[in-house]
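Asker:
There are 2 protein chains.
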Amino acid sequence: MAIRTRITDMLGIEKPIIQAAMGWIARSQLTSAVCNAGGMGIIETSSGELGAVREEILKMHDLTDKPFGVNVAQAFVRDPKIIDFIINQGVKFVTTSAGDPKKYTALLKEAGLTVFHVVPSLKGALRAIEAGVDGLIVEGGEGGGFKNPQDVASMVLIPQVCEAVDVPVVAAGGITDGRSMAAAFALGAEGILMGTRILSAAESPVHNNWKEAIIDADSTDTVFLNRSGPGPALRALRTDRTTRLQKEGIENIFGEFAGTQDVYFGGNLEAGIALTGQVAGRITEVKPVKQIFDETLKEFGEVTGRLAKLSSREAPLSK
Amino acid sequence: MAIRTRITDMLGIEKPIIQAAMGWIARSQLTSAVCNAGGMGIIETSSGELGAVREEILKMHDLTDKPFGVNVAQAFVRDPKIIDFIINQGVKFVTTSAGDPKKYTALLKEAGLTVFHVVPSLKGALRAIEAGVDGLIVEGGEGGGFKNPQDVASMVLIPQVCEAVDVPVVAAGGITDGRSMAAAFALGAEGILMGTRILSAAESPVHNNWKEAIIDADSTDTVFLNRSGPGPALRALRTDRTTRLQKEGIENIFGEFAGTQDVYFGGNLEAGIALTGQVAGRITEVKPVKQIFDETLKEFGEVTGRLAKLSSREAPLSK
Chain Y
36 MAIRTRITDM
46 LGIEKPIIQA
56 AMGWIARSQL
66 TSAVCNAGGM
76 GIIETSSGEL
86 GAVREEILKM
96 HDLTDKPFGV
106 NVAQAFVRDP
116 KIIDFIINQG
126 VKFVTTSAGD
136 PKKYTALLKE
146 AGLTVFHVVP
156 SLKGALRAIE
166 AGVDGLIVEG
176 GEGGGFKNPQ
186 DVASMVLIPQ
196 VCEAVDVPVV
206 AAGGITDGRS
216 MAAAFALGAE
226 GILMGTRILS
236 AAESPVHNNW
246 KEAIIDADST
256 DTVFLNRSGP
266 GPALRALRTD
276 RTTRLQKEGI
286 ENIFGEFAGT
296 QDVYFGGNLE
306 AGIALTGQVA
316 GRITEVKPVK
326 QIFDETLKEF
336 GEVTGRLAKL
346 SSREAPLSK
Chain G
36 MAIRTRITDM
46 LGIEKPIIQA
56 AMGWIARSQL
66 TSAVCNAGGM
76 GIIETSSGEL
86 GAVREEILKM
96 HDLTDKPFGV
106 NVAQAFVRDP
116 KIIDFIINQG
126 VKFVTTSAGD
136 PKKYTALLKE
146 AGLTVFHVVP
156 SLKGALRAIE
166 AGVDGLIVEG
176 GEGGGFKNPQ
186 DVASMVLIPQ
196 VCEAVDVPVV
206 AAGGITDGRS
216 MAAAFALGAE
226 GILMGTRILS
236 AAESPVHNNW
246 KEAIIDADST
256 DTVFLNRSGP
266 GPALRALRTD
276 RTTRLQKEGI
286 ENIFGEFAGT
296 QDVYFGGNLE
306 AGIALTGQVA
316 GRITEVKPVK
326 QIFDETLKEF
336 GEVTGRLAKL
346 SSREAPLSK
């Protein structure tokens with residue numbers, strides 16, 4: 036089953052599924068798997084390791100002939116030369132996040148790129164529209180990663196933004212399968228973004244301990260940290276360390292990421308913060324990206340078919 | 036448009052919409068309006084004012100000939116005689132909440148009542164199933180009112196519970212219209228519960244200041260209080276007072292409700308805590324309950340029809 040929306044048309048992809056630009060993780064191995072499975076893979080820059088990121092962008096040309104994107108996480112990318120590099124590499128799609136959408140949108144659009152901005156609120160969405168973005172990634176507070184301290188859940192935020200803007204919206208936060216994709220589309224989205232689901236995919240480079248922790252997690256097993264700042268708030272896997280950080284507060288949020296290599300690739304989940312969404316509670320198996328996407332679209336078709344029959348009144352709906 | 040699900044069949048109602056049993060507010064004036072509009076109205080007991088509640092249950096027989104329910108908020112109802120009174124009044128539907136589902140389920144079911152338990156987590160859902168409930172009200176953390184401190188958003192919690200249980204599920208938290216109803220049904224629910232939406236309806240007895248605050252609110256304008264206890268956590272309207280309580284913590288959560296009459300019916304929103312969900316950000320008008328329900332079902336039909344067309348691939352979906 037294929038689905039065509041403004042998102043698939045604008046991005047030149049087969050399936051309206053976008054991969055979260057997860058710092059250190061969204062590099063060529065995982066991102067090319069997403070592209071080759073028909074979705075939109077996005078190379079990260081939030082690690083701040085621009086040298087490594089450049090290499091990964093170059094590698095992408097060998098690993099896939101499908102389009103891919105790059106995220107510019109403005110708070111973490113201090114070197115504006117990354118913009119020229121992205122343009123020169125022939126990348127056609129950029130997401131901007133964690134900063135003022137006015138900073139790069141005009142420059143990127145003049146160079147012919149499609150630009151989506153990541154927003155956590157209606158206000159953020161309206162600012163991005165004013166900056167001239169082509170689309171929005173709207174991120175509910177249940178998702179993992181850096182968050183607005185005044186978090187709003189997808190069930191409320193997605194329709195609120197969709198009703199207020201004309202550009203296409205990609206829903207992020209809590210989405211992992213065809214049920215949640217259908218819910219996001221019912222709320223007005225024309226594409227979905229998966230983070231934790233793809234983080235736990237077979238092609239994901241993270242240590243198996245993290246994938247297993249996601250599989251074991253209940254939906255209550257994340258914590259929301261650093262709501263009062265300074266620095267960004269975030270949602271992460273509940274561990275002894277993050278439970279303590281939630282209770283005692285965090286003095287230097289960036290210092291907490293010093294152990295990231297050890298958490299992400301060494302498998303020591305107590306060495307830092309493993310950014311993870313509530314949807315971990317619904318993930319029960321490590322699967323290849325293509326299988327995840329195919330099952331998602333198949334279930335989307337089943338769910339929307341079931342909903343359409345509801346108006347017939349012939350029999351009560353059963354789940 | 037009518038919709039038939041296991042919920043409408045079990046409860047004998049026309050529309051699969053249930054009203055939240057809001058303390059002090061869910062009394063005969065508002066609850067009968069819900070019943071007469073084809074939904075399931077529920078009389079509250081969380082105010083703890085059992086004398087007044089008894090009067091309200093008696094009044095319901097004059098105000099509607101449709102079925103109505105009563106909520107037993109176990110943490111707030113110390114007098115078990117309420118159970119006998121409910122049974123003797125010919126009430127056929129009870130929701131239990133804020134306590135062990137094993138306490139009253141068998142007794143109520145022996146008396147022929149249909150029993151739903153309100154749960155905020157998968158664990159809570161499984162305990163309620165073990166207790167023998169007929170259905171579940173599954174409450175996402177974006178909703179207003181008393182909450183599980185480990186809150187889970189509807190987008191994750193509803194499908195997680197629906198996949199784990201066989202009884203019908205009513206989705207609560209973030210639901211206000213046909214879009215969000217369709218999303219809840221996509222996630223597996225067969226009914227929806229509205230709190231903040233009905234709280235702000237024309238027939239709601241609360242002071243106009245609160246209704247106007249809901250209409251003015253953005254979706255970021257609630258706070259989550261008392262996450263670490265003691266006593267229940269809750270989601271409420273952001274005011275100067277609740278902003279301070281969020282920052283400084285709460286010594287005695289029940290003491291904060293001393294000013295409730297003044298908040299709810301006097302219109303002084305700084306006199307206490309106005310329990311309100313994030314969905315306030317999507318509510319822009321005070322409407323009669325019947326209009327809210329009719330518009331919700333109409334939009335539900337439109338949304339599900341639009342989704343069903345998506346598989347045709349003929350043209351890109353627009354919102």
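Chains Y and G, in that order, give the protein sequences. Per our numbering, the first sequence starts with residue 36, numbered consecutively. Per our numbering, the second sequence starts with residue 36, numbered consecutively. We treat Cβ as the ideally placed atom computed from N, Cα and C, and that holds for glycine. The model shown is predicted, which means the values in this text are computed figures rather than measured ones.
1. Cβ of T149 of chain Y less than 8 Å from any chain G Cβ?
2. Taking only beta carbons into account, state which residues of the region 128-139 of chain Y come closer than 7 Å to chain G, listed in chain order.
3. Does chain G have any CB closer than 8 Å to the CB of V205 of chain Y?
4. Just how far apart, CA to CA, sit I327 of chain Y and D212 of chain Y?
5. Where DSSP assigns a beta bridge to R270 of chain Y, which residues make up the other side?
6. According to the neighbour-count rule (16 or more other Cβ atoms, all chains shown, within 10 Å of its Cβ), is E349 of chain G buried or exposed?
7. At a CB-CB cut-off below 7 Å, which residues of chain Y make contact with F220 of chain G?
8. For a contact defined as C-beta to C-beta under 7 Å, what are the partners of G209 of chain Y on chain G?
9. Just confirm the distance between the C-beta atoms of I117 of chain Y and L93 of chain Y, as a whole number of angstroms; I'd bet it's less than 8 Å.
10. Determine the chain G residues that contact Q64 of chain Y at a beta-carbon separation under 8 Å, and present them in chain order.
11. I need the straight-line Cα distance from F259 of chain Y to I285 of chain Y, nearest angstrom please.
12. Run through the DSSP bridge pairs and tell me what T149 of chain G is partnered with.
13. Between which two residues does the beta strand (DSSP E) carrying G170 of chain G extend?
14. Can you tell me the Cβ-Cβ gap for F289 of chain Y and G307 of chain Y, rounded? I've got them flagged as a contact below 8 Å.
15. Quick check on R317 of chain G - is its C-beta less than 8 Å from some C-beta in chain Y?
16. Could you round the C-beta distance between I60 of chain G and S235 of chain G to whole angstroms and report it? I think they count as a contact, below 8 Å.
17. Roughly how many angstroms lie between the CA atoms of G340 of chain G and R341 of chain Y, to the nearest whole one?
18. Please compile the residues from chain G whose C-beta is within a distance smaller than 8 Å of the C-beta of D253 of chain Y.
19. In chain order, what residues of the same chain lie with their CB nearer than 7 Å to the CB of E334 of chain Y, ignoring the 5 residues before and after it?
20. Any beta-carbon of chain Y closer than 8 Å to the one on T277 of chain G?
21. Indicate whether at least one CB of chain G lies closer than 8 Å to the CB of R162 of chain Y.
22. Going along the region 303-336 of chain G in order, which residues come within less than 7 Å of chain Y, judged by CB to CB distance?
23. Which parts of the region 206-254 of chain G are runs of the beta strand (DSSP E), unbroken and 3 residues or longer, counting only runs that do not cross its ends?
24. Leaving aside the five residues before and after R39 of chain G along the sequence, list all residues of the same chain whose C-beta is less than 6 Å from its C-beta, in chain order.
25. For a contact meaning CB atoms closer than 7 Å, what does L345 of chain G contact in chain Y?
26. Quick one: does E177 of chain G have its CB under 8 Å from some CB of chain Y?
27. Against Q1 of chain Y, what residues of chain G qualify as contacts under a CB-to-CB distance less than 7 Å, listed in chain order?
28. Can you pull the chain Y residues whose beta carbon is under 7 Å from the beta carbon of P194 of chain G, in chain order?
29. I need the DSSP call for A108 of chain G, collapsed to helix, strand or coil.
30. What residue from Y:E79, Y:R89, Y:G147 has the CA that sits closest to A133 of chain Y's CA?
31. Check whether the Cβ atoms of N106 of chain G and I77 of chain G lie closer than 8 Å to each other.
32. What is the rounded straight-line gap between the Cα of S156 of chain G and the Cα of A166 of chain Y?
33. Quick check on E349 of chain G: does DSSP put it in helix, strand or coil?
34. Taking the C-alpha atoms as reference points, what is the distance between V173 of chain Y and A141 of chain G?
35. Under the three-state reduction of DSSP, which class applies to I78 of chain Y: helix, strand or coil?
36. Check whether the Cβ atoms of F111 of chain Y and T66 of chain Y lie closer than 8 Å to each other.
Answerer: Short version:
1. The count along the first sequence starts at 1 and reaches residue 149 of chain Y at position 114. For T149 of chain Y, the answer is no, since every Cβ of chain G falls outside 8 Å of its Cβ.
2. Here the close residues number zero.
3. Taking the first residue of the first sequence as position 1, residue 205 of chain Y is located at position 170. In terms of beta-carbon proximity, V205 of chain Y stays away from the interface with chain G, with every pair separated by 8 Å or more.
4. Counting from 1 along the first sequence, the entry for residue 327 of chain Y is found at position 292. Counting from 1 along the first sequence, the entry for residue 212 of chain Y is found at position 177. So the two alpha carbons sit approximately 8 Å from each other.
5. The sequence position of residue 270 of chain Y within the first sequence is 235, counting from 1. DSSP links R270 of chain Y through a beta bridge to Y:G180, Y:F259.
6. Residue numbering aside, residue 349 of chain G sits at position 314 when the second sequence is read from its first letter. Its pLDDT being 48, under 50, E349 of chain G is placed unreliably by the model, and the measurement read from it follows with that caveat. By the 10 Å Cβ count, E349 of chain G comes out exposed.
7. Residue mapping note: residue 220 of chain G aligns to position 185 of the second sequence, counting from 1. Going along chain Y in sequence order, the residues near F220 of chain G (Cβ under 7 Å) are L342.
8. By 1-based counting over the first sequence, the position of residue 209 of chain Y is 174. Counting only Cβ-Cβ distances below 7 Å, G209 of chain Y has contacts in chain G at A188, M190, V191, in chain order.
9. Taking the first residue of the first sequence as 1, we reach residue 117 of chain Y at position 82. Taking the first residue of the first sequence as 1, we reach residue 93 of chain Y at position 58. Distance from I117 of chain Y to L93 of chain Y at the Cβ level is roughly 14 Å; contact not present, criterion being Cβ atoms closer than 8 Å.
10. Within the first sequence, the letter at position 29 stands for residue 64 of chain Y. The contacting residues do not exist; Q64 of chain Y stays about 27 Å from chain G at best.
11. What you label residue 259 of chain Y is simply residue 224 of the first sequence in a count that begins at 1. What you label residue 285 of chain Y is simply residue 250 of the first sequence in a count that begins at 1. Between the alpha carbons of F259 of chain Y and I285 of chain Y lies a gap of roughly 12 Å.
12. Numbered from its first residue, the second sequence carries residue 149 of chain G at position 114. Answer is G:F128, bridged to T149 of chain G.
13. Taking the second sequence and counting its residues from 1, one reaches residue 170 of chain G at position 135. For G170 of chain G, the enclosing beta strand (DSSP E) has its first and last residue at 170-174.
14. Taking the first residue of the first sequence as position 1, residue 289 of chain Y is located at position 254. Taking the first residue of the first sequence as position 1, residue 307 of chain Y is located at position 272. About 11 Å; that fails the 8 Å criterion.
15. In the second sequence, residue 317 of chain G corresponds to position 282, counting from 1. Yes, contact with chain Y.
16. As a position in the second sequence, residue 60 of chain G is number 25, starting the count at 1. As a position in the second sequence, residue 235 of chain G is number 200, starting the count at 1. 11 Å between Cβ atoms; not a contact.
17. Taking the first residue of the second sequence as 1, we reach residue 340 of chain G at position 305. Taking the first residue of the first sequence as 1, we reach residue 341 of chain Y at position 306. Their Cα atoms are separated by approximately 11 Å.
18. As a working note, residue 253 of chain Y is residue 218 in the first sequence. Under the 8 Å cutoff, chain G gives S156, L157, K158.
19. Counting from one through the first sequence, the residue named residue 334 of chain Y turns up at place 299. Answer for E334 of chain Y: D212, G213, R214, listed in chain order.
20. Indexing the second sequence from 1 puts residue 277 of chain G at position 242. No - not a single Cβ of chain Y is within 8 Å of the one on T277 of chain G.
21. Position 127 of the first sequence holds residue 162 of chain Y. When Cβ-Cβ separations below 8 Å define contact, R162 of chain Y makes no contact with chain G.
22. For the region 303-336 of chain G, which is checked against every Cβ of chain Y, the residues closer than 7 Å are Q313, V314, G316, R317, G336.
23. Within the region 206-254 of chain G, the runs of beta strand (DSSP E) at least 3 residues long that lie entirely inside it are, in chain order, 226-229.
24. The residue labelled residue 39 of chain G in the question sits at position 4 within the second sequence. Hits under 6 Å: none found.
25. Counted from its first residue, the second sequence places residue 345 of chain G at position 310. Within chain Y, the residues near L345 of chain G are I38, T339.
26. Along the second sequence, one-based indexing puts residue 177 of chain G at 142. True, the Cβ-Cβ gap to chain Y drops below 8 Å.
27. A query on residue 1 of chain Y cannot be resolved here, the shown segment of chain Y reaching from 36 to 354 and no further.
28. As a working mapping, residue 194 of chain G is identified with position 159 in the second sequence. Chain order gives the chain Y residues near P194 of chain G as R214, S215, R317, where near means a beta carbon separation below 7 Å.
29. Position 73 of the second sequence, counting from 1, holds the residue named residue 108 of chain G. A108 of chain G: strand per DSSP, three-state reduction.
30. As a position in the first sequence, residue 133 of chain Y is number 98, starting the count at 1. Out of Y:E79, Y:R89, Y:G147, Y:E79 has the C-alpha closest to the C-alpha of A133 of chain Y.
31. By 1-based counting over the second sequence, the position of residue 106 of chain G is 71. By 1-based counting over the second sequence, the position of residue 77 of chain G is 42. Yes, these two residues count as a Cβ contact at 8 Å.
32. For the purposes of this step, residue 156 of chain G is taken as the residue at position 121 of the second sequence. For the purposes of this step, residue 166 of chain Y is taken as the residue at position 131 of the first sequence. The alpha-carbon separation between S156 of chain G and A166 of chain Y amounts to approximately 40 Å.
33. On the second sequence, position 314 is the one that residue 349 of chain G refers to. The predicted model places E349 of chain G with a pLDDT of 48, which falls under 50 and marks its position as unreliable, so this point remains unresolved.
34. Here residue 173 of chain Y refers to the residue found at position 138 of the first sequence. Here residue 141 of chain G refers to the residue found at position 106 of the second sequence. Those two C-alpha atoms are separated by around 45 Å.
35. The count along the first sequence starts at 1 and reaches residue 78 of chain Y at position 43. Three-state DSSP puts I78 of chain Y in a strand.
36. Here the question's residue 111 of chain Y lines up with position 76 in the first sequence. Here the question's residue 66 of chain Y lines up with position 31 in the first sequence. It is not a contact, given that the beta carbons lie outside the stated cut-off.
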